[in-house]
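>
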Amino acid sequence: MPDIMQEPLTVFTQLPPTKPRLKHIVETFEQKYGSKPAYIARAPGRIASRIALRFAGLAKVSIIGEHIDYAGLSVMPAAIDRDVIQACLASPSKDGKSRVHISNVNDKFKPEDFDFQPGKEGPVLDSKHHSWVNYFKAGMKGALGHMSPDDSKTAIELHILVDGNVPPGGGLSSSAAMVVSSAIATLKAFGAVESTTQGQLATIAIDSERLVGVNSGGMDQSASIFSREGALLNIGFVPKLVATLVPIPTTKPAITYVIASSLVTSEKQVTAKYNYNLRVVEMRVVARILCSYLKLNIPMELPTLKHVMDAYFSSSAMHTSSEFLIERKRRLKIMLDIVEDVFGDKKDGCTWDEVYERLGGMNKDSFKQAFHADFEIEAEKLQLYKRAKHAYSEAARVYQYRSLLEQAGDNDPDLALKLGHLMDESQESCRDLFNCSCPEIDEICTIARKSGSLGSRLSGAGWGGCTVHLVLEDRQDELIQALQSEYYAKHYPKLSGEELQEAIFATKPEEGACLYDLAS
Ligand code: GLA
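Take the sequence shown: its position 285, counting from 1, is numbered 1349 in the working numbering, and each next residue is one higher.
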């Protein structure tokens, strides 16, 4: 397998006839700006549809490894066949000012013109003012910051047309495709695409998205860039970003993933304080308490659970196995025992006073300063035991999933069953320990399991949004029909045929981001 981190972005010089949207964006660009675009930046992205706002996190599908990327633990997603494309033309500036003219094929997203400083400064970005163009500015800023100031000192005028659907101030993962494609568009404008590795592009995109005020874990941007047809990705974050392709073995019937949206929206902006961001804080607190219990000295303000695990094993003289996956699973099992020792007496959560005491005597203010200085959270108790159990056990499932895929030969009769079992266990853990499922997701999983699914779980942040199901190809239609009649017809009887097709569909891992260079 090639080292995808070190490879440059894939560049095509022709538009594939199978993707009519590419031809369409070229024509619309010409009508709008009077010349043809020089290139198109593409990143797998969110569904462009009328009901896009109801979908959560469909830039990629997360197969297993939920809510552990921000704990630094490795995850397993893949990109799907939905993308954001940006047709671009860069020309020398006529008045010496660097300027962007950006519009969207969807009129809902208003066009904008803005000047920007060449060099590291880049465009001015006000994350409090929600605009879809912020995601472009974030990707541009990241890309400019990565280039040497010499590369980006020439003033240019950039015309851009975007086709995709990124809701303003949208959910946590919806922006990844927009940020990734914007970074590619900027790198190409300054001739720096070829000299940037995919690993560097992922780091740019992850850092850029944080500029828009999102505490993102890094899974979405990595999936959008590194994905390849027919393979899942295993992405690690600590001590550094590493992406490994794990091909799905051939089986007869073939392993397929069906995605089904619950059509329940979790208003992430509103719920973050007691859902997503609260989980981020709980994981930070667990890591801090484990550090003191294990007497680790990690020179970082906010170490993750993965830092804790790595520091503990590098400091202990325990026997280690040279086999990477076996060693990882062994370490995670030991970490789970430690979690029992440290938090097992408080399985129903710790009150604030108990939390402050375990942190060696904090109070409300010092706690805020240490763990969530720039955002708010709301909770009666912190569920430290449950979150820690979920995180380390989910990480173990990710490694088991990867081992199963790597060790199975083609046509392994038990592979799908074993993978599905891990997905079911993951759902149970998300529901009972991480509390990020919801009744509709549970209902979908129950229907799916009795209609051909071998493993069913939520995918993405949860509390609504999407589910993913592992099914053998010969039972895929039965599964889709069962969900249509038993879930969608019951809860959403007015859905049109088109909406239904976008709510539930079979997918296979697709190619990640790329560039279509039309000028060469
Ligand atoms: C969102 C975030 C990801 C990840 C998932 C949960 O999609 O953007 O980084 O944390 O939630 O696994």
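We put the beta carbon where it would ideally sit given N, CA and C, even for glycine.
From what residue to what residue does the alpha helix (DSSP H) around residue 1250 run?
Here the question's residue 1250 lines up with position 186 in the sequence shown. Segment 1240 to 1253, the alpha helix (DSSP H) holding residue 1250.
> With a CB to CB cut of under 6 Å and the five nearest residues on each side skipped, what residues in its chain are close to residue 1366?
By one-based count along the sequence shown, residue 1366 stands at place 302. So the qualifying residues of the chain are 1348.
> Using a Cβ distance threshold of 8 Å, determine whether the region 1399 to 1417 contacts the region 1143 to 1151, with at least three qualifying pairs required.
no
> Comparing alpha-carbon positions, which option in 1532, 1102, 1096 lies nearest residue 1580?
For the purposes of this step, residue 1580 is identified with residue 516 of the sequence shown, where counting begins at 1. With distances taken between Cα atoms, residue 1580 lies closest to 1102.
> So the alpha helix (DSSP H) residue 1165 belongs to, where does it begin and stop?
In the sequence shown, the residue the question calls residue 1165 occupies position 101. Note, residue 1165: premise wrong, no alpha helix (DSSP H); beta strand (DSSP E) at 1162 to 1168.
> So the candidates are 1501, 1362, 1247, 1274; which of them puts its Cα closest to the Cα of residue 1262?
Here residue 1262 is taken as the residue at index 198 of the sequence shown, counted from 1. For residue 1262, the nearest C-alpha among the options comes from 1247.
> One question on the structure: do residue 1219 and residue 1250 come within less than 8 Å of each other, judged by their Cβ atoms?
If you number the sequence shown from 1, residue 1219 lands on position 155. If you number the sequence shown from 1, residue 1250 lands on position 186. No.
> Is DSSP giving residue 1554 helix, strand or coil here?
For this step, residue 1554 is matched to residue 490 along the sequence shown. DSSP places residue 1554 in helix when its eight states are reduced to three.
> What is the DSSP secondary structure of residue 1368, counted as helix, strand or coil?
Here residue 1368 refers to the residue found at position 304 of the sequence shown. Three-state result, residue 1368: coil.
> Mind checking which residues open and close the beta strand (DSSP E) that includes residue 1150?
Position 86 of the sequence shown, counted from the first residue, corresponds to residue 1150. Boundaries of the beta strand (DSSP E) around residue 1150: 1147 to 1156.
> Per DSSP, residue 1445 is paired with what?
Translated into positions along the sequence shown, residue 1445 becomes position 381. Per DSSP, 1415.
> Report yes or no: do three or more beta-carbon pairs, one from the region 1473 to 1492 and one from the region 1429 to 1439, lie closer than 8 Å?
no
> Comparing C-alpha positions only, which one of 1391, 1372, 1095, 1196 sits nearest to residue 1452?
Residue 1452 sits at position 388 when you count from the first residue of the sequence shown. Checking every option, the nearest Cα to that of residue 1452 belongs to 1372.
> Tell me the rounded alpha-carbon separation between residue 1325 and residue 1458.
As a working note, residue 1325 is residue 261 in the sequence shown. As a working note, residue 1458 is residue 394 in the sequence shown. Straight-line measurement puts the Cα of residue 1458 at about 22 Å from the Cα of residue 1325.
> Under 7 Å from any heavy atom of the ligand GLA, does the C-beta of residue 1347 make it?
To locate residue 1347, count along the sequence shown from 1; it is residue 283. No, the beta carbon of residue 1347 sits no closer than 7 Å to any heavy atom of the ligand GLA.
> Give me the DSSP bridge partner(s) of residue 1108.
One-based indexing of the sequence shown puts residue 1108 at position 44. Residue 1108 pairs with 1147.
> Could you tell me the alpha carbon to alpha carbon distance between residue 1524 and residue 1378, rounded to whole angstroms?
Along the sequence shown, one-based indexing puts residue 1524 at 460. Along the sequence shown, one-based indexing puts residue 1378 at 314. About 32 Å.
> Tell whether a beta-carbon distance below 8 Å holds between residue 1243 and residue 1221.
Residue numbering aside, residue 1243 sits at position 179 when the sequence shown is read from its first letter. Residue numbering aside, residue 1221 sits at position 157 when the sequence shown is read from its first letter. For the pair residue 1243 and residue 1221, the CB atoms are not nearer than the 8 Å cut-off.
> With H, G and I counted as helix, E and B as strand and the rest as coil, what does DSSP make of residue 1321?
Within the sequence shown, numbered from 1, the residue matching residue 1321 stands at position 257. DSSP, read as helix, strand or coil, puts residue 1321 in strand.
> Taking the DSSP output, what are the residues bridged to residue 1124?
In the sequence shown, residue 1124 corresponds to position 60, counting from 1. Per DSSP, 1143.
> Could you tell me the distance, in whole angstroms, from the CA atom of residue 1361 to the CA atom of residue 1464?
Numbered from 1 along the sequence shown, position 297 holds the residue referred to as residue 1361. Numbered from 1 along the sequence shown, position 400 holds the residue referred to as residue 1464. Whole-angstrom Cα-Cα distance: 30 Å.
> According to DSSP, simplified to helix, strand and coil, what is residue 1230?
On the sequence shown, residue 1230 is found 166 positions in, with the first residue counted as 1. With a pLDDT of 36 at residue 1230, under the threshold of 50, the predicted position of this residue should be treated as unreliable, though the coordinate-derived value follows. Here residue 1230 sits in coil by DSSP.
> Near residue 1450, which residues of its chain fall below 6 Å by C-beta distance, leaving aside the five closest residues on each side in sequence?
In the sequence shown, residue 1450 corresponds to position 386, counting from 1. So the qualifying residues of the chain are 1497.
> Since residue 1309 contacts residue 1289 with CB under 8 Å, what's their CB separation in whole angstroms?
Along the sequence shown, read from residue 1 onward, the residue named residue 1309 stands at position 245. Along the sequence shown, read from residue 1 onward, the residue named residue 1289 stands at position 225. At roughly 12 Å, the Cβ-Cβ gap does not stay under 8 Å, so residue 1309 and residue 1289 are not in contact.
> Could you say if the region 1130 to 1137 and the region 1161 to 1176 meet the contact criterion of at least three C-beta pairs nearer than 8 Å?
no
> Are the Cβ atoms of residue 1440 and residue 1370 separated by less than 8 Å?
Position 376 of the sequence shown holds residue 1440. Position 306 of the sequence shown holds residue 1370. Judged by their CB atoms, residue 1440 and residue 1370 are not nearer to each other than the 8 Å cut-off.
> Ends of the beta strand (DSSP E) at residue 1074?
Position 10 of the sequence shown, counted from the start, is the residue given in the question as residue 1074. Per DSSP, residue 1074 is one residue of the beta strand (DSSP E) stretching across 1074 to 1076.
> Given residue 1183, which residues of its chain have a CB within under 8 Å of its CB, disregarding the five upstream and five downstream residues?
Within the sequence shown, numbered from 1, the residue matching residue 1183 stands at position 119. Correct list, in chain order: 1208, 1213, 1216, 1217.
> Check for me: the beta strand (DSSP E) holding residue 1178 runs from which residue to which?
Stepping through the sequence shown from its first residue, residue 1178 is reached at position 114. That run of the beta strand (DSSP E) goes 1176 to 1180.
> Taking only heavy atoms of the ligand GLA into account, decide whether any of them is closer than 7 Å to the Cβ of residue 1130.
To locate residue 1130, count along the sequence shown from 1; it is residue 66. Residue 1130: yes, Cβ under 7 Å from the ligand GLA.
> When you measure from the CB of residue 1455 to every non-hydrogen atom of the ligand GLA, does any distance come out below 7 Å?
Translated into the one-based positions of the sequence shown, residue 1455 becomes position 391. It does not: the Cβ of residue 1455 is nowhere closer than 7 Å to a heavy atom of the ligand GLA.
> The ligand GLA heavy atoms versus the CB of residue 1271: any closer than 7 Å?
As a working note, residue 1271 is residue 207 in the sequence shown. No; taking the cut-off as 7 Å, the Cβ of residue 1271 has no heavy atom of the ligand GLA nearer than that.
> Residue 1571 to residue 1476, Cα distance in whole Å?
Translated into positions along the sequence shown, residue 1571 becomes position 507. Translated into positions along the sequence shown, residue 1476 becomes position 412. Straight-line Cα distance between these residues: approximately 21 Å.
> Please state whether DSSP places residue 1521 in a helix, a strand or coil.
Counted from its first residue, the sequence shown places residue 1521 at position 457. Strand.
> Apply the 10 Å Cβ neighbour rule to residue 1110 and answer buried if 16 or more other Cβ atoms are within range, or exposed otherwise.
Within the sequence shown, the letter at position 46 stands for residue 1110. Note on residue 1110: pLDDT 38, under 50, position unreliable in the model; no value is reported.
> Using the three-state DSSP reduction, which class does residue 1431 fall into: helix, strand or coil?
Here residue 1431 corresponds to residue number 367 of the sequence shown, with the count starting at 1. Reduced to three states, the DSSP call for residue 1431 is helix.
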